[in-house]
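Each step along the sequence shown adds one to the number in the numbering used here, with nothing skipped, and position 150 is 323. Beta carbons: idealized from backbone N, C-alpha and C, even for Gly. Predicted model only: the values in this text are computed from it and were never measured.
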Amino acid sequence: MKDELARLVPFWHDLTTTQRAFLAERSRMMACDAGDRVQGAGRGCAGVVFVRTGRLRAFMISEQGREVTLFHVPAGECCVLAASCILPMITFDVALDAAEASELLVIDSQAFGTISRENVHAEAFTYRQATERFSDCMWVMQQVLFMGLDNRLAIWLLDEVARSGSTHIEVTHDEIARHLGSAREAVSRMLKYFAREDLVALSRGAVDVVDAKRLRALTV
174 MKDELARLVP FWHDLTTTQR AFLAERSRMM ACDAGDRVQG AGRGCAGVVF
224 VRTGRLRAFM ISEQGREVTL FHVPAGECCV LAASCILPMI TFDVALDAAE
274 ASELLVIDSQ AFGTISRENV HAEAFTYRQA TERFSDCMWV MQQVLFMGLD
324 NRLAIWLLDE VARSGSTHIE VTHDEIARHL GSAREAVSRM LKYFAREDLV
374 ALSRGAVDVV DAKRLRALTV
């Protein structure tokens, strides 16, 4: 466990021997399949989650059940923003799902909070992470409030191409709608429009980006 903590926790070497032992005792490994709920949205606060392998999706969910993706957490990173139990100033619930099969290192939230209060390096890491993730959230809110669905869909498609390195995106219309916080019917209509304009090609459970340059023009 200490080896994993040393590899994943940036401030590990700035902790005292006692603090390292304390964190190691209060940490655990967790494996999850794609689509599994990790924390939030009814699952409570599992703790501070570091991604060993795989990728997590951070999202918010409305009372009506509509979701909107805020950001992704790739391997080697963590999301303290979802651990609202250690950040009392965060009054909204950020949930985490596994975007793909993942291995996680989970540190008990109370233990992490104790170390953050005791160690200035841990405290700085916590608030730096929260600030960066909050900036991601504000970018999503800006899209939702001020951009049309065509702009947001184009941004999402191009982000997926950049992330995966492939123009072939295996995703359903319903999954895209959950990422964008929109209705599936609206996403389907926009994708069909994109297809008629030869921006994308649609197939069962997949979208192929055909003209990235013209899609990019929709994002400005």
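Which partner residues of residue i appear in the DSSP bridge assignment?
i	result
aspartate 381	His341, Ala374
methionine 233	Val241
alanine 327	Looking at the DSSP assignment, alanine 327 forms no beta bridge with any residue, so it has no partner.
alanine 368	DSSP, once it has assigned bridges, lists no residue as partnering alanine 368.
alanine 268	Phe232
Give the secondary structure of residue i by DSSP, where H, G and I count as helix, E and B as strand, and everything else as coil.
i	result
leucine 243	strand
arginine 199	coil
glutamate 273	coil
glutamine 212	strand
phenylalanine 223	strand
cysteine 251	strand
cysteine 205	strand
leucine 278	strand
alanine 335	helix
alanine 256	coil
alanine 356	coil
phenylalanine 319	helix
methionine 311	helix
threonine 191	helix
valine 182	coil
methionine 174	coil
threonine 304	helix
Which whole-angstrom value is the C-beta distance of residue i and residue j, which I expect to be below 8 Å?
i	j	result
glycine 364	valine 380	In the sequence under discussion, the amino acid at residue 364 is leucine, which differs from the glycine named in the question. At roughly 7 Å, the Cβ-Cβ gap stays under 8 Å, so leucine 364 and valine 380 are in contact.
valine 224	threonine 299	That belief does not hold up - the Cβ atoms of valine 224 and threonine 299 are roughly 17 Å apart, past 8 Å.
glutamate 276	methionine 202	7 Å
alanine 248	glycine 227	6 Å
leucine 375	alanine 327	Incorrect: roughly 15 Å between the Cβ atoms, too far for contact.
alanine 284	leucine 196	6 Å
arginine 199	isoleucine 280	6 Å
isoleucine 349	valine 360	5 Å
alanine 256	cysteine 218	6 Å
glutamate 316	arginine 325	The displayed chain sequence assigns glutamine, not glutamate, to residue 316. That pair is a contact at about 5 Å.
Original post:
Are the segment 346 to 356 and the segment 239 to 248 in contact at 8 Å, needing three or more beta carbon pairs?
Top reply: yes
Subject >> Stretch-stretch touch, CB-based, cutoff 8 Å, three pairs: the segment 281 to 299 with the segment 325 to 342 >> reply: no
**OP:** Examine the Cβ distances between the segment 187 to 196 and the segment 262 to 277 and report whether three or more of them are shorter than 8 Å.
**Re:** no
Original post:
Would the segment 290 to 302 and the segment 198 to 217 be scored as touching if the rule is three or more Cβ pairs under 8 Å?
Top reply: no
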